[in-house]
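I have placed the structure first, in the form of structure tokens, so that the comments after it can refer back to it.
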Amino acid sequence: MKKNERIDRVELMRTFVRIVEAGSLSAAARQLNTTQATISRRLQSLEAMLGVKLVLRTTHAMKLTDDGERGYQHAKHIIDAWLALEDGLNVTEDEPVGTLRVRAPHAFGQQQLLTPLLHFLARSPNLSVEWMLNDKTVDFLSDNIDCAIRVGAEVDPATVSVLLAEVPRSVVASPALLAQFATIAVPEQLSSLPWIAVNTFYQHNVSLSHQHSREPVTFRSRRD
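Numbering (the UniProt record's numbering), first residue to last: 1 to 224.
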């Protein structure tokens, strides 16, 4: 790596701009909380890097050269742009900015999640949300989705999952249906019943556990 490549060009330009605006090297040193010798070395480094003289100095006065005048205008523009970049990135760290594309299931997206979404947007005025209701399995890349809210177990190990809430599930049956079958004595008999499960949430399997013993039972169901 060449010597000049290790020099902080932004710092050199910032020092040069401060010299011009402060009116002297000593004043710039005080404002930057450093020594006049350091300010002088930075100016010399910038002049050597650019290959031009930027400042003419005497014992009691300082004057910009023509190159120095042009250099100051360019350096000022670059420093202002750099500060704007820093401010923009700091805002991004502290507060969401931009557009967030979210996919949610129809039922929850319409009934359960709209109020939390409105509260979130109220706290994030610089953020907009594209709220897409779809019960299909999401493909983040092809669908250009930032995040998805779904019900059920996560099946893609490549995604990062965060538990938002527990969703209670109910198992119900009509008395007329139960009258057609023998009384259930052991969990394994449950699989003989004509189960219907929403395919977008539960897929092919029904997984239950005993309320007290937590003994699990899993079987395939008919899907609606």
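Glycine residues also receive a C-beta, built at the ideal position from the N, C-alpha and C atoms.
{"Query": "Start-to-end residues for the alpha helix (DSSP H) that takes in Val10", "Result": "9–22"}
{"Query": "Per DSSP, the bridge partner or partners of Asn205", "Result": "Arg220"}
{"Query": "Residue closest to Met13, alpha-carbon to alpha-carbon, out of Gly23, Thr35, Ala27, Leu50", "Result": "Leu50"}
{"Query": "DSSP state of Trp131 mapped onto helix, strand, coil", "Result": "strand"}
{"Query": "Contacts around Ser170, its chain only, beta-carbon distance under 6 angstroms, and the 5 residues preceding and following it disregarded", "Result": "none"}
{"Query": "Cβ contact (3+ pairs, closer than 8 angstroms) linking the region 111–119 and the region 69–89", "Result": "no"}
{"Query": "Buried versus exposed, by CB contacts within 10 Å (16 or more), Pro105", "Result": "buried"}
{"Query": "Supposed contact pair Ser192 and Phe181 - C-beta distance, whole angstroms, cut 8 angstroms", "Result": "7 angstroms"}
{"Query": "Exposure of Thr34, with buried meaning 16 or more beta-carbon neighbours within 10 Å", "Result": "exposed"}
{"Query": "Contact check, Asn126 vs Val97, beta carbons under 7 angstroms", "Result": "yes"}
{"Query": "For Thr99: DSSP bridge partner residues", "Result": "Ser128"}
{"Query": "Top-ranked residue by Cα proximity to residue 243, from Phe16, Gln211, Thr99, Thr183", "Result": "Limits of the chain in this structure are 1 at one end and 224 at the other, which puts residue 243 out of reach."}
{"Query": "Cα-Cα separation, Thr218 to Leu83", "Result": "59 angstroms"}
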